[in-house]
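What follows is a set of notes on a single structure, which appears directly below.
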Amino acid sequence: MSHYFATCPKGLEYLLRDELIAIGASDVREALAGAHFSGTLETAYRACLWSRLASRILLPLAEFDAADDDALYRGVQEIDWSQHLAAHATFAVDAGTAMSKLTHSQFIGLRTKDAIVDQFRQRDGNRPGIDTDEPDIRINVRVRRDRATLSLDLAGSPLHRRGWREVQGEAPLKENLAAAMLQRARWPEVYAAGGALLDPMCGSGTLLIEGALMAADVAPGLRREYFGFLGWQQHDIALWRGLLDEAKQRAETGLRGLRSVFFGSDADPRMVQTAKRNAQEAGVAGFFTLDKQDVTHAAPPPGIEYGLVITNPPYGERLGERAEMPKLYRAVGDTLRARFTGWRAAVLAGDVELGRAMQLHADKRYALYNGALETVLLTFDLSKRDEVPREPKPLSAGAQMLKNRLEKNVKHLRKRLAREGVHCWRAYDQDLPEYAAAIDVYGDTSGDDHLHIQEYRAPADVPPDIARLRLREIARVAGEVLGVPRERIAIKTRERGKGGSKYGQLDQRNEFIEVEEDGLKFLVNLTDYLDTGLFLDHRLVRAKVRELADGKCFLNLFAYTATASVHAAAGGALETTSVDLSATYLEWASRNLALNGFSGASHRLMQFDALEFLQRDRGHYGLIFVDPPTFSNSKRAEDFDVQRDHVKLLDACNERLTRDGVIVFSNNFRRFKLDRAELEQRFEIEDWTAPSIPFDFARRADIHGCWLLRRRKADPGINPWDTARIKK
């Protein structure tokens, strides 16, 4: 079994993960712009042949420190290149760098090339040649934070190049992005249900061709003549030929049963001809009907009652003028609404505003990258014609007061939110006693706002039916004031339960949205858990962690989804260690770290009770973040009470703290009292509570407490280390 990394465009990571699992890969986990997986050489070959979403399949050969060019050269030379490349063969090097002393990719590529060539020369005087187009092997080197990862590119050239595209339009859609659009739009389900595929702005035919090959079970790499492993010294020719024979058999069977349900049109007759030639090269032209036609004349073909309309209109970036785009998108929306009742639809819009111009209700939104352009894929269920909206009932006097208050809050906060780039914030927090709830806004990276409404328990003298009515009014008013449709509003209610108040039944949707904070991205889930994955009141605490982390080893106890670890890594932490007892939260933490490009041995995730970890660990840390729950009675650990046990916890942290280290301690127990008399014997304590409360939480200045603890200067210290984490 070997470890591999499959790259893909941003936004396709979770689809790629599922695809690799279906191909037969193991230990699959998504990362930023790709997915890690394990498997045999056959697994890697299958990924090259069958992945519709991957861009490249990389086989890591080595990872080593590369703080300067000499270290890079030595690391490359430690690999025995004769195991991968013949002396008379050719190779090419792709290089990249980020946050490293080696700042020029071209120089890194040249230095890597020199190390390989010199090794062959030193051995017998011969040297391999350079071929940047179709080398026998292609080498990928990435230097990040002065650490190099050297890999063999088994794809050789991007896998979106399927081998059938002879000509293309001015702004072609990459084939793997087209495949992702089709999967997100549920094309396999539509086809299985007897549906058709229609693209009213088909361009060079990419979506239709990918849809046909997908329906016919044709391997996307079957027509490629070049892969990066074909000239590799360890290439298994018999294994590869067997996989090709299997793929050819499946393609023959699939094409025999393929239905002629693929329809495309374009206003430009040249693009219609281009689509026809590409379909012929792909072997699916006989299943297509292609015509010259404007999008406003698109309609279901005769005898076709159901299907998927999918298209990629221009964005006004490279084609057309931006000012004309809303008119085009409105025409698309009008056409879908008027003629395609009962169908599904998917449109890759240039941005959220263009998507809104269609004036259709999207059931899903996905952020996808078309090259360097961030776009949004909107999917629609056109099963019902849009009805004339009913006149809403007038608001009650209380609801009108709530609306006035919320409008005032939003007006007061908006300018500062925009100025400081805050996308996730609290809009309302029980400002009116009759409407006892907190309203949080989560702006996702596609530009849509989502609301998270948490109900506080109503007083005992408020009848349950009145409490339910007020909660409905909160949801309605919040949606109206903040411009958020009901499907993007999550409501959590509290009910009486054994041991006190608790949230009612939670969903299991497993739907995550991607949000941004200080240039970092995080996954939040508004429906399935008690909390969303991002504590909004700790926004400034995380910023403080980021400020303090540079050059330090960072420990995050009770790590939850490791948002603080991501901030620490972004702030220049040498390494991060995130500790939590929950496997669910650690998996979520892994996704957050990977989403921001932080993975590997430098970012550990440890499933432990915090106190047990501190007792077992022998490392030392320059920055420790401790944000414990108020109470914990997990079956897997001793009971924990933050008021009772915080001195014991902080003393245990002190054992693992470097001499000049800092503990950032916070908690949300509003009656919490720090035991200063005891702790000041060992720590210098700075109460950082007031500076840590964000402006949108000003009404709840007691929502959490925060303290910075440093060793007293008089304390000679338990260990002699200053900043680095030393392991025995």
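Numbering (full-length UniProt numbering), first residue to last: 1 to 728. Just so you know, even glycine gets a beta-carbon here, dropped at the ideal spot from N, CA and C.
- Counting C-beta atoms within 10 angstroms of its own C-beta, T103 has fewer than 16 neighbours from the protein chains shown and is therefore classed as exposed.
- S396 carries a coil assignment under DSSP once its states are collapsed to helix, strand and coil.
- Ranked by Cα distance from D660, the first of L709, P629 and L378 is L709.
- By the neighbour-count criterion, in which a residue is buried when 16 or more other Cβ atoms sit within 10 angstroms of its Cβ, G421 is exposed.
- DSSP places K492 in the uninterrupted beta strand (DSSP E) bounded by I489 to K492.
- DSSP lists A92 and D153 as the bridge partner or partners of R138.
- With respect to the 8 Å criterion, G203 and M271 are classified as neighbours on the basis of their beta carbons.
- Secondary structure of R145 (DSSP, three-state): coil.
- By DSSP's assignment, R457 forms no beta bridge with any residue.
- Contact between N556 and F625 holds, with the beta-carbon distance rounding to 5 Å and staying under 8 Å.
- Under the 8 Å Cβ criterion, the stretch 575-584 does not count as touching the stretch 638-649, having fewer than three qualifying pairs.
- Rounded to the nearest angstrom, the gap between the Cα atoms of L150 and R142 is 7 Å.
- Distance between L593 and K492, taken at the CA atoms: about 27 Å.
- G264 is bridged by DSSP to D199 and L290.
- In this structure, the straight-line span from the alpha carbon of W164 to that of R223 is close to 7 Å.
- Among the bridge pairs identified by DSSP, E575 is matched with C553.
- When the alpha-carbon of R682 is set against those of A698, F695 and K713, the nearest one is in K713.
- For N667, the enclosing beta strand (DSSP E) begins and ends at L657 to N667.
- Between N278 and G228, the C-beta spacing is not below 8 Å.
- Distance from E19 to S51 at the Cβ level is roughly 6 Å; contact confirmed, criterion being Cβ atoms closer than 8 Å.
- Counting C-beta atoms within 10 angstroms of its own C-beta, E305 has fewer than 16 neighbours from the protein chains shown and is therefore classed as exposed.
- Here DSSP, grouped into helix, strand and coil, assigns D465 to helix.
- Here the alpha carbon of A438 sits roughly 5 Å from the alpha carbon of Q454.
- Nearest to H160 by alpha-carbon distance, out of Q233, T7, F287 and N596, is T7.
- In this structure, the CA atom of R539 is about 40 Å from the CA atom of L61.
- Closest in alpha carbon position to H452, among E407, P392, T445 and D531, is D531.
- Shown here, C48 sits in a helix according to DSSP, grouped into three states.
- The three-state reading of DSSP puts Q607 in strand, counting E and B together.
- By the beta-carbon neighbour count (other beta carbons within 10 angstroms, threshold 16), K544 is buried.
- Here T7 carries a strand assignment [DSSP, helix/strand/coil].
- Between Y315 and G264, the C-beta spacing is not below 8 Å.
- Per the Cβ contact rule, the stretch 183-199 is in contact with the stretch 289-309 (3 or more Cβ pairs under 8 Å).
- With contacts defined by Cβ atoms closer than 8 Å, F262 and G211 form a contacting pair.
- Annotation: N525 is outside any alpha helix (DSSP H) and is labelled neither H nor E by DSSP.
- If you draw a 10 Å sphere on the C-beta of A98, you find fewer than 16 other C-beta atoms in it, and that means exposed.
- Non-local beta-carbon contacts of L605 in its own chain, meaning distances under 7 Å to residues more than five positions away in sequence, involve S578, L586, A589 and S590 in chain order.
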